[in-house]
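Since the structure comes first, as structure tokens, the remarks are kept for the end.
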């Protein structure tokens, strides 16, 4: 969010945000959408989990940490041109963590592993 806020300020956009919700004036929504996508790619192109693990291992040398999951093969740059950025974000996170995603006939997405208890129906929320 900070990367997005700083870039919006430099671009002269009014910006507000809470957690994963971002706001600007209606006339600047297209600019904000572009900035959000660019900052997402910039952020997640970095080895975030690797850096976090390294920091934990240095701070807590007496603890054993599990190995990181293998990185998936998602090309992050696909979100730059995606009209459904948030939906792609969600599925992209699953792909990056190698978590299988299965579609049922009513567009319910069921995730396994850590996401086993989370079932989302995007059709219900009007996203798809």
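Numbering (our numbering), first residue to last: 161 to 288. The C-beta atom is built at its ideal place from N, Cα and C for all residues, glycine as well.
- Judged by pairs of C-beta atoms under 8 Å, the stretch 197-209 touches the stretch 234-242, as three or more such pairs exist.
- The C-beta of residue 195 has 16 or more other C-beta atoms within 10 Å across all chains shown, which makes the residue buried.
- Shortest Cα-Cα distance from residue 226 to any of 240, 241, 181 and 210 involves 210.
- Scanning 174, 231 and 166 for the CA closest to the CA of residue 206 turns up 231.
- Residue state for residue 219 is assigned as helix, using DSSP reduced to three classes.
- Cα atoms of residue 192 and residue 178: separation of roughly 15 Å, rounded to the nearest angstrom.
- Following the DSSP letters along the chain, one finds residue 165 inside the alpha helix (DSSP H) bounded by residues 162-170.
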